[in-house]
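Remember, the working numbering sits 16 above the position in the sequence shown when you count from 1.
This report refers to the structure that appears directly beneath it.
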Amino acid sequence: MPRAIISPSVLASDFGQLTAECKRMIKGGAEWLHMDVMDGHFVPNITMGAPILTCVHKGVPDIFMDCHMMVSHPEKWVDDIADAGGAMYCFHLEATENPLSLIEKIHERNMKAGVAISPDTPSTAISDEVANAADMLLVMTVYPGRGGQKFIERCVPKVAELRARFPEKDIEVDGGVGPKTIGVCADAGSNVIVAGTAIFGAEDPTVVIQQLKDTVNT
Ligand code: DX5
Ligand code: ZN
Numbered sequence: 017m018p019r020a021i022i023s024p025s026v027l028a029s030d031f032g033q034l035t036a037e038c039k040r041m042i043k044g045g046a047e048w049l050h051m052d053v054m055d056g057h058f059v060p061n062i063t064m065g066a067p068i069l070t071c072v073h074k075g076v077p078d079i080f081m082d083c084h085m086m087v088s089h090p091e092k093w094v095d096d097i098a099d100a101g102g103a104m105y106c107f108h109l110e111a112t113e114n115p116l117s118l119i120e121k122i123h124e125r126n127m128k129a130g131v132a133i134s135p136d137t138p139s140t141a142i143s144d145e146v147a148n149a150a151d152m153l154l155v156m157t158v159y160p161g162r163g164g165q166k167f168i169e170r171c172v173p174k175v176a177e178l179r180a181r182f183p184e185k186d187i188e189v190d191g192g193v194g195p196k197t198i199g200v201c202a203d204a205g206s207n208v209i210v211a212g213t214a215i216f217g218a219e220d221p222t223v224v225i226q227q228l229k230d231t232v233n234t
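Pasting the structure below:
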């Protein structure tokens, strides 16, 4: 299995202190930052877009911005997110008709391409061709749209199915993940762990980040 990566979701941070919050996560041992982009269309909420990512990138230029695009028409934002300093462009399979050409477009802009599936989408919806072209697969463990939701355990078998098909691929889990739910995610084979509330709400994020990493690594 590929190495453990912890990607704190800044959706759970104080947006008024965004750069300081990002620096706090890096100090706590995070190598990636998970940026939840919502458009008020694919999901009901609106969060942030390229202008905010540009500011974060300026404040913390060396961090890997893991952009989770909860948007309709994901083709539309590839250039803006690349210009903003995005490193991973993870789109929802449910939002596009042509995932292969989108992955190509993302790679042309020198970003990694991720393919996300919502709780009601089966793992088999990700074809071998799409998965092989992508750099990462994201199994949502809540319905996309907001932070702080309860972990949906029935999504976990999809992680195991994808890990069996793609032993070397980065597989991310996102939604309701924390010290209590990391065990089943790690056992199923996910190695990229998104956590918002569990990390930002902790007294000491360093301890939680380390705990999540250790659980995946053992
Ligand atoms: C949900 C987002 C998640 C969310 C995770 O739509 O994609 O990234 O912010 O937050 P927690 O860990 O609080 O569930
Ligand atoms: Zn997310």
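Glycine included, every Cβ here is placed at the ideal spot set by N, Cα and C.
In this text the structure is predicted, and so the values were computed from the model without any measurement.
With 16 or more other Cβ atoms inside 10 Å of its own Cβ, R179 counts as buried. Within the same chain, and ignoring the five residues on either side of S25 in sequence, the residues whose Cβ sits closer than 7 Å to its Cβ are H50, D52, G163, V210, A211, G212. Burial check for H89: the Cβ neighbour count within 10 Å stays below 16, so the residue is exposed. Minimum Cα-Cα distance from N148 among the listed residues G161, K128, D136 corresponds to K128.
Taking C-beta atoms as the reference points, H73 and C106 fail to come closer than 8 Å. When secondary structure is reduced to three states using DSSP, E184 falls in the coil class, being assigned neither helix nor strand. Burial is judged here by how many other beta carbons sit within 10 angstroms of a residue's own beta carbon; D186 has at least 16 and is buried.
Rounded to the nearest angstrom, the gap between the Cα atoms of A66 and I215 is 24 Å. If you draw a straight line from the Cα of I225 to the Cα of I79, it comes to about 16 Å. For the stretch 152 to 233, the full-length alpha helix (DSSP H) segments reaching 4 residues or more read 172 to 181, 198 to 204, 213 to 216, 221 to 233 along the chain.
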